Amino acid sequence: MESGDTLSVSASDTNIYTEIIIEDTGCGIAEEDLSHIFERFYKGKNAEKDSVGIGLALSKTIICGQKGDIIVESTEGVGTKFSVRFYKTII
Numbered sequence: 013m014e015s016g017d018t019l020s021v022s023a024s025d026t027n028i029y030t031e032i033i034i035e036d037t038g039c040g041i042a043e044e045d046l047s048h049i050f051e052r053f054y055k056g057k058n059a060e061k062d063s064v065g066i067g068l069a070l071s072k073t074i075i076c077g078q079k080g081d082i083i084v085e086s087t088e089g090v091g092t093k094f095s096v097r098f099y100k101t102i103i
């Protein structure tokens, strides 16, 4: 993130799921990279130079292992939003 960019984290709860939203006003993710960002060792064109490409792959593995889901929305030059949802069991 560059100076002046913002990062926000929020949470909400519905009858179906609990959701955590992480969003920023950073550089965004290039459209051609979006379908690959959860692949292990993948580094998109806007990745930090020291990145090894493991963070999002590991995050997805952990979230899915807990019966959750992670959704990404991004516009290059505008920012990125990750929504993490953990679904509730209905008895």
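Numbering (the numbering used here), first residue to last: 13 to 103.
Just so it is clear, CB atoms sit at the ideal spot from N, CA and C, and this is done for glycine as well.
These figures come from a predicted structure and were not determined experimentally.
Contact annotation: R52 and A69 have beta-carbon atoms nearer than 7 Å.
Here K61 is exposed: its Cβ has fewer than 16 other Cβ atoms, across all protein chains shown, within 10 Å. Contact annotation: the segment 41–52 does not touch the segment 21–31, with fewer than three C-beta pairs closer than 8 Å. By the CB criterion at 7 Å, G38 and G91 fall inside the cutoff.
The Cβ atoms of I83 and K72 lie no closer than 7 Å to each other.
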